[in-house]
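Student:
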Amino acid sequence: MIHGRLGSLCWQLRHRSLAISRIYTIRRMSSAEAPSVVNRAAHPFDKAQLDTLLTSRFFFAPAFEIYGGVAGLYDYGPPGSALQANILDVWRKHFIIEENMLEVDTTIMTPSAVFETSGHVAKFADWMVKDVVTGEVLRADHLVEAVLEARLKGDKEARGVAEEAVVDEKDAKKKKKKVKSTAVKLEDSVVSVYNTILAQIDNYTGEELGAIIREHEIKNPDTNNAVSEPVQFNLMFDSMIGPTGKLKGYLRPETAQGHFVNFNRLLGFNNGRLPFASAQIGRSFRNEISPRAGLLRVREFTMAEIEHFVDPENKKHVRFDEIKDIKPKLLPKDVQMQGRTDLLEMTIGEAVEKKIIDNETLGYFVGRIHLFLLQVSSIPTYECVGCADRSAYDLSVHSKRTGQALVASQALAEPIVTERAVADDLGCLELDIAASRILQLLATAPTHACIDKGKQHSSHYGITRNATVALADGRKFDLNKDLVTVERKTFKQSVREFTPNVIEPSFGIGRILYSLLEHSYWRREQDVARGVLSFPTCVAPTKVLLVPISANTAFVPLIKEISAKLRTAGISARVDDSSATIGKRYSRNDELACGMP
Numbered sequence: 070m071i072h073g074r075l076g077s078l079c080w081q082l083r084h085r086s087l088a089i090s091r092i093y094t095i096r097r098m099s100s101a102e103a104p105s106v107v108n109r110a111a112h113p114f115d116k117a118q119l120d121t122l123l124t125s126r127f128f129f130a131p132a133f134e135i136y137g138g139v140a141g142l143y144d145y146g147p148p149g150s151a152l153q154a155n156i157l158d159v160w161r162k163h164f165i166i167e168e169n170m171l172e173v174d175t176t177i178m179t180p181s182a183v184f185e186t187s188g189h190v191a192k193f194a195d196w197m198v199k200d201v202v203t204g205e206v207l208r209a210d211h212l213v214e215a216v217l218e219a220r221l222k223g224d225k226e227a228r229g230v231a232e233e234a235v236v237d238e239k240d241a242k243k244k245k246k247k248v249k250s251t252a253v254k255l256e257d258s259v260v261s262v263y264n265t266i267l268a269q270i271d272n273y274t275g276e277e278l279g280a281i282i283r284e285h286e287i288k289n290p291d292t293n294n295a296v297s298e299p300v301q302f303n304l305m306f307d308s309m310i311g312p313t314g315k316l317k318g319y320l321r322p323e324t325a326q327g328h329f330v331n332f333n334r335l336l337g338f339n340n341g342r343l344p345f346a347s348a349q350i351g352r353s354f355r356n357e358i359s360p361r362a363g364l365l366r367v368r369e370f371t372m373a374e375i376e377h378f379v380d381p382e383n384k385k386h387v388r389f390d391e392i393k394d395i396k397p398k399l400l401p402k403d404v405q406m407q408g409r410t411d412l413l414e415m416t417i418g419e420a421v422e423k424k425i426i427d428n429e430t431l432g433y434f435v436g437r438i439h440l441f442l443l444q445v446s447s448i449p450t451y452e453c454v455g456c457a458d459r460s461a462y463d464l465s466v467h468s469k470r471t472g473q474a475l476v477a478s479q480a481l482a483e484p485i486v487t488e489r490a491v492a493d494d495l496g497c498l499e500l501d502i503a504a505s506r507i508l509q510l511l512a513t514a515p516t517h518a519c520i521d522k523g524k525q526h527s528s529h530y531g532i533t534r535n536a537t538v539a540l541a542d543g544r545k546f547d548l549n550k551d552l553v554t555v556e557r558k559t560f561k562q563s564v565r566e567f568t569p570n571v572i573e574p575s576f577g578i579g580r581i582l583y584s585l586l587e588h589s590y591w592r593r594e595q596d597v598a599r600g601v602l603s604f605p606t607c608v609a610p611t612k613v614l615l616v617p618i619s620a621n622t623a624f625v626p627l628i629k630e631i632s633a634k635l636r637t638a639g640i641s642a643r644v645d646d647s648s649a650t651i652g653k654r655y656s657r658n659d660e661l662a663c664g665m666p
């Protein structure tokens with residue numbers, strides 16, 4: 070079935086009695102609507118074969134390969150670039166357009182002061198260890214994880230319950246320190262301890278990781294050498310801005326800070342109203358200690374981040390009802406803290422009600438993220454998206470550092486009336502900056518022993534005797550009762566000012582892309598050697614494949630005409646008019662996922 074101008078053209082061609090090659094169906098449909106016409110589970114998933122296909126067809130490849138490559142850096146080829154662009158296009162429509170978000174594009178190079186304030190300079194780090202003999206650098210938590218997982222696998226093999234898994238040597242090098250398992254039965258108590266450690270592996274401090282490494286005799290699996298104590302390694306790439314070398318900067322590890330420092334401009338653009346969200350697609354950089362997992366852990370990557378600014382006293386969402394019945398699988402905090410990984414399936418509405426998800430706005434974005442991943446058929450088995458409530462931390466620290474108020478305001482339905490004590494100006498005492506602190510002490514403590522209510526005016530206070538005021542820095546000042554009075558005044562507040570909280574969905578596009586590739590890969594029952602990729606139409610790099618069934622030159626202008634019509638309609642098409650058999654041409658284009666099969 071062909072729609073629109075392409076369908077009209079094909080109708081004309083049929084009436085001109087010209088044979089038409091196979092043209093893939095173009096339909097506005099999500100992957101959930103696509104009928105399953107083949108048995109994709111005929112063969113077990115083979116990651117090594119998929120990775121070979123992806124590099125041979127240049128979905129992506131190691132960067133600077135002719136120079137030997139650099140770990141953690143990858144280039145996307147034509148199909149990979151198109152796939153990423155289409156994923157981002159769906160993302161923009163699903164979030165920015167649908168949610169009326171404010172899109173920004175902020176700089177990658179960032180002055181050091183920004184990340185000093187945000188805490189990245191001090192804390193954006195992983196724990197690393199070194200092989201004490203070879204000096205090889207390893208990420209501590211990944212080393213612990215890999216070694217303990219291998220021991221647990223060996224325990225299952227010894228008990229006769231292990232699942233067979235074929236991983237070739239080339240694939241193993243791409244993983245995060247793949248460790249060969251040995252069939253050794255463990256005590257049940259040891260298995261329990263290992264599982265508890267693995268369930269909490271992301272929560273350990275460097276000291277705790279060091280203790281685990283020592284207690285469980287964890288060594289470098291490649292050399293069997295001991296490793297050093299864990300030390301922190303900051304993951305940001307630093308640089309100098311300008312020729313003098315006096316202004317230090319960093320390549321951003323996330324896009325978020327660009328949103329926060331522009332908060333006042335974004336708030337003004339939105340006419341001062343909350344809630345609102347800003348969104349950004351851009352490159353980020355992290356100097357990973359030991360990148361080994363292909364696109365899953367890289368040093369340069371594309372992120373898509375949303376910062377949703379909301380009133381901390383009202384985190385309800387007007388569209389929450391649209392997603393409240395979605396049932397994702399959740400891993401509650403209390404389960405994680407117990408060292409277990411039991412997943413809980415319940416509706417988002419129920420999860421918010423039970424405070425498994427903290428509030429409606431957070432729950433709303435969990436639901437929207439779930440729907441987006443289903444739309445692009447990326448069913449992750451890796452961490453691809455983070456969705457966090459960052460509270461008011463970022464805006465608060467940037468405001469404190471710069472002296473700029475990063476706040477929103479709300480007109481109150483009824484003014485709030487308060488009374489406060491106000492002390493006389495002490496400038497005459499020539500106490501400099503100490504005077505303001507003394508005034509504050511007097512104003513906030515009108516019932517202090519040295520202050521009493523005046524007899525003639527109920528709104529006035531006076532110092533009943535000479536008094537000494539002590540400041541926090543140790544200085545003391547004597548105040549004369551004839552010089553100072555404290556007056557109680559009424560204040561009316563019509564506007565409430567507050568620092569917004571931030572809900573942040575953060576998407577790793579490379580991880581989503583790789584998850585989509587894994588989910589879309591299969592092999593036909595009768596042809597185990599050649600893989601097939603089947604993408605949803607919305608993200609497929611090529612929507613239409615044109616394959617002439619004959620080498621007759623009469624087809625040449627026809628193919629050109631169809632191709633031109635498709636381009637005019639904004640539909641990506643691929644022509645395969647090589648001399649290979651029609652079956653081979655179909656088969657090799659199946660590796661490129663030309664539309665929906």
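Going by this note's numbering, the sequence shown opens with residue 70, and the numbers climb by one from there.
Beta carbons: idealized from backbone N, C-alpha and C, even for Gly.
Let me make sure I understand the geometry here. Which of Glu-483, Arg-409, Ala-633 has the alpha-carbon closest to that of Gln-269?
Tutor: Gln-269 has its Cα closest to that of Arg-409, out of Glu-483, Arg-409, Ala-633.
Student: Please classify Pro-312 as buried or exposed, where buried requires at least 16 other C-beta atoms within 10 Å of its C-beta.
Tutor: With fewer than 16 other Cβ atoms within 10 Å, it is exposed.
Student: Taking the C-alpha atoms as reference points, what is the distance between Asn-333 and Thr-471?
Tutor: So the two alpha carbons sit approximately 13 Å from each other.
Student: On a CA-only basis, which of Thr-559, Leu-585, Pro-381 is nearest Gln-153? Give me that one, please.
Tutor: The candidate whose alpha carbon is nearest that of Gln-153 is Leu-585.
Student: Whole-angstrom Cβ separation of Val-296 and Leu-412, contact assumed at under 8 Å?
Tutor: Their Cβ separation, rounded to whole angstroms, is 33 Å, which puts Val-296 and Leu-412 out of contact at 8 Å.
Student: Within its chain, find whatever has a CB closer than 7 Å to the CB of Phe-193; leave out the 5 residues flanking it on each side and keep chain order.
Tutor: Correct list, in chain order: Asn-303, Leu-304, Met-305, Pro-322.
Student: Please determine if the region 392-408 and the region 366-384 are in contact, where contact requires at least 3 C-beta pairs separated by less than 8 Å.
Tutor: Touching, no, given that fewer than three Cβ pairs across the two stretches are closer than 8 Å.
Student: Thinking C-beta only, is Phe-604 closer than 9 Å to Ser-478?
Tutor: Cβ distance not < 9 Å, so Ser-478 and Phe-604 don't count as in contact.
Student: For the alpha helix (DSSP H) that contains Gln-473, what are its first and last residues?
Tutor: Here Gln-473 belongs to no alpha helix (DSSP H), and DSSP marks it neither H nor E.
Student: Measure from the alpha carbon of Phe-441 to the alpha carbon of each residue in Ile-156, Phe-114, Pro-569, then state which is nearest.
Tutor: Out of Ile-156, Phe-114, Pro-569, Ile-156 has the C-alpha closest to the C-alpha of Phe-441.
Student: For Val-198 and His-386, what's the separation of their Cα atoms in angstroms?
Tutor: Cα to Cα, the separation comes out at about 45 Å.
Student: Between the region 415-432 and the region 387-396, are three or more C-beta pairs nearer than 8 Å?
Tutor: Counting Cβ pairs under 8 Å, three or more are found: they touch.
Student: What does a CB cutoff of less than 7 Å around Tyr-433 pick up in its chain, not counting 5 residues either side in sequence?
Tutor: So the qualifying residues of the chain are His-386, Arg-388, Phe-389, Ile-392.
Student: Can you find at least 3 beta carbon pairs, one from the region 138-145 and one from the region 277-294, that sit closer than 8 Å?
Tutor: At 8 Å Cβ cutoff, the stretches do not touch.
Student: If you follow the beta strand (DSSP E) that Tyr-590 is part of, which residue opens it and which one closes it?
Tutor: Its beta strand (DSSP E) spans residues 590-593.
Student: Assuming Leu-661 contacts Pro-148 (C-beta within less than 8 Å), just tell me the rounded distance between them.
Tutor: Contact flag correct, Cβ pair sits at about 5 Å.
Student: Identify which residue in Gly-188, Lys-225, Arg-352, Cys-453 has its Cα closest to the Cα of Pro-574.
Tutor: Nearest option by C-alpha distance: Cys-453.
Student: What does the Cβ neighbour count give for Tyr-685, buried or exposed, with the cut at 16 atoms within 10 Å?
Tutor: Because the chain spans 70 through 666 in this model, residue 685 falls outside it and cannot be assessed.
Student: List in chain order: all unbroken alpha helix (DSSP H) runs of 4+ residues lying wholly within the region 374-429.
Tutor: As far as the region 374-429 is concerned, its whole alpha helix (DSSP H) runs of at least 4 residues are 402-406, 417-422.
Student: So Val-486 packs on Lys-384, CB below 8 Å; how close in whole Å?
Tutor: The Cβ separation is near 28 Å, so there is no contact.
Student: Taking 7 Å as the limit between beta carbons, can you name the residues of its chain near Thr-265, skipping five residues before and five after?
Tutor: So the list reads Gly-408, once near-sequence residues are dropped.
Student: Just to check my reading of the structure: Gly-363 and Tyr-583 have Cβ atoms closer than 8 Å, yes? What is that Cβ distance to the nearest angstrom?
Tutor: So it is a contact: roughly 7 Å between Cβ atoms.
Student: Quick check on Ser-648: does DSSP put it in helix, strand or coil?
Tutor: DSSP places Ser-648 in coil when its eight states are reduced to three.
Student: Identify whether Lys-561 lies in helix, strand or coil by the three-state DSSP scheme.
Tutor: Strand at Lys-561.
Student: Go through its chain and collect everything with a Cβ distance to Glu-298's Cβ below 6 Å, but skip five positions before and after it.
Tutor: Once the five neighbours on either side are set aside, the close Cβ partners of Glu-298 are Gly-279.
Student: Short check: CB of Arg-580 to CB of His-163, under 9 Å?
Tutor: No, the pair does not count as a contact, with Cβ atoms beyond the cut-off.
Student: Using alpha carbons as the reference points, say which of Ala-638, Phe-338, Asn-658, Thr-637 lies closest to Ser-647.
Tutor: Per the Cα distances, Asn-658.
Student: Can you give me the C-alpha to C-alpha distance between Leu-614 and Ser-641, rounded to a whole angstrom?
Tutor: The alpha-carbon atoms of Leu-614 and Ser-641 are separated by roughly 9 Å.
Student: With distances taken from CA atoms, which of Phe-624, Val-625, Thr-568 is nearest Gly-341?
Tutor: Looking at the Cα atoms, Thr-568 is the closest of the given residues.
Student: Mind checking Asn-428: buried by the 16 CB within 10 Å criterion, or exposed?
Tutor: The residue is buried, with at least 16 neighbouring Cβ atoms inside 10 Å.
Student: Within this structure, are the beta carbons of Thr-292 and Glu-214 separated by less than 9 Å?
Tutor: No; because the gap between Cβ atoms is not below 9 Å, this pair is not in contact.
Student: Going along the chain, which residues of its own chain have a beta-carbon closer than 6 Å to the beta-carbon of Thr-251, five neighbours each way excluded?
Tutor: Gly-223.
Student: Output yes or no for whether 9 Å exceeds the beta carbon distance between Val-564 and Leu-481.
Tutor: Contact: yes.
Student: For the region 145-185, which segments carrying the beta strand (DSSP E) assignment without a break, of at least 3 residues, lie completely within its bounds, in sequence order?
Tutor: Counting only runs of 3 or more, we get 178-180.
Student: Tell me Ser-446's beta-bridge partners as DSSP assigns them.
Tutor: In DSSP, Ser-446 forms no bridge with anything.
Student: Return yes when the Cβ of Gln-301 is within less than 9 Å of the Cβ of Asp-195, no when it is not.
Tutor: Yes.
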